[in-house]
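Q: The structure under discussion is supplied below as C-alpha cells; questions concerning it will follow.
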Amino acid sequence: MRLFEATHVFKHDWETVSLANWRKYPNDQTPHVRHVEILNQDVDPATGVLRTERLIMVRQNVPTLVRKIFGGDTSYVLEYSEVDPRKQTLIMQSQNMTYSNLLSVGEYITYTPDPENPKHTLFAQSAQLKASGALCRFANKIEDICWNRFQDNAHIGKLGLEQVVSKILAERQAMTLTASG
C-alpha cells in the first residue's frame, strides 16, 4: 500500500476556490477528465450544508497491453462531497469504481481557510493506493507507478484550479465594470 499526501495554499479566498472546484472540469490542464455527472445533490435546510454525489469519467494514458488485458483506458470514480458555507469547509472523498478489485484508490480532500492567512485557502489531499487480487505479485511496482501518476495528476489539478480561479476573477471584474459603467 502507498500513501500520498500533499498540501497547497491557494492565494485566494475560500469562496472563490470552492466555487472554482465546482467549475474545474473541463479545463485545459486536465484533459483526462472526460465527463462529470451529478448523481445526487441536496442542501440541508437546517445547516445549509450542500451534499453532492458525482460520477467522474476519466481516460488515463495506459500502455497498449493494459488496454488489451482490461478492455480499455476509461475508468469511473465515485465522489462524495460536503460544502459547509458557515464553517467554510469543502470536504471531498472519492473512490475508483473501475478495477477496484485490482487497484483501489481512495482520496480525501479538504479546502479550508488558511489558518495563517484567512484570505487564502488551504488545500489538503491524501490518497491510499493498494494493489490486490491478481496484481499482488507486482503490488509494489504497480503502486509506485500509480503513486507517480497520482502525484503528476495532483500537480496538474492544482494548475487547472488556478486557471478556473483566474476565469472567475476576470468574470467578477467584468461584472463590476459593467455595473459601474
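Under the working numbering, the first residue of the sequence shown carries the number 29, and numbering increases by one thereafter.
We put the beta carbon where it would ideally sit given N, CA and C, even for glycine.
Values in this document were obtained by computation on a predicted structure and should not be read as measured data.
Can you give the Cα-Cα distance for residue 63 and residue 102, rounded to whole angstroms?
A: Residue 63 sits at position 35 when you count from the first residue of the sequence shown. Residue 102 sits at position 74 when you count from the first residue of the sequence shown. Whole-angstrom Cα-Cα distance: 11 Å.
Q: Just the Cα atoms here: how many angstroms apart are residue 36 and residue 150?
A: For the purposes of this step, residue 36 is taken as residue 8 along the sequence shown, with counting starting at 1. For the purposes of this step, residue 150 is taken as residue 122 along the sequence shown, with counting starting at 1. Cα to Cα, residue 36 sits roughly 6 Å from residue 150.
Q: Can you grab the Cα-Cα spacing for the pair residue 190 / residue 31, in whole Å?
A: As a first step, residue 190 must be located in the sequence shown, where it is residue number 162. As a first step, residue 31 must be located in the sequence shown, where it is residue number 3. One C-alpha to the other measures close to 25 Å.
Q: Could you work out which residue in 206, 167, 50 and 104 is closest to residue 80 when comparing CA atoms only?
A: Within the sequence shown, numbered from 1, the residue matching residue 80 stands at position 52. The candidate whose alpha carbon is nearest that of residue 80 is 50.
Q: How would you label residue 57, buried or exposed, when you count the other beta carbons within 10 angstroms and need 16 or more for buried?
A: Taking the sequence shown and counting its residues from 1, one reaches residue 57 at position 29. Flag for residue 57 reads buried.
Q: Going by the beta-carbon positions, is the gap between residue 159 and residue 144 smaller than 7 Å?
A: In the sequence shown, the residue the question calls residue 159 occupies position 131. In the sequence shown, the residue the question calls residue 144 occupies position 116. Not closer than 7 Å, so no.
Q: How would you call residue 208, buried or exposed, if buried means at least 16 neighbouring beta carbons within 10 angstroms?
A: Walking along the sequence shown from the start, residue 208 turns up at place 180. Exposed, by the Cβ-count rule.
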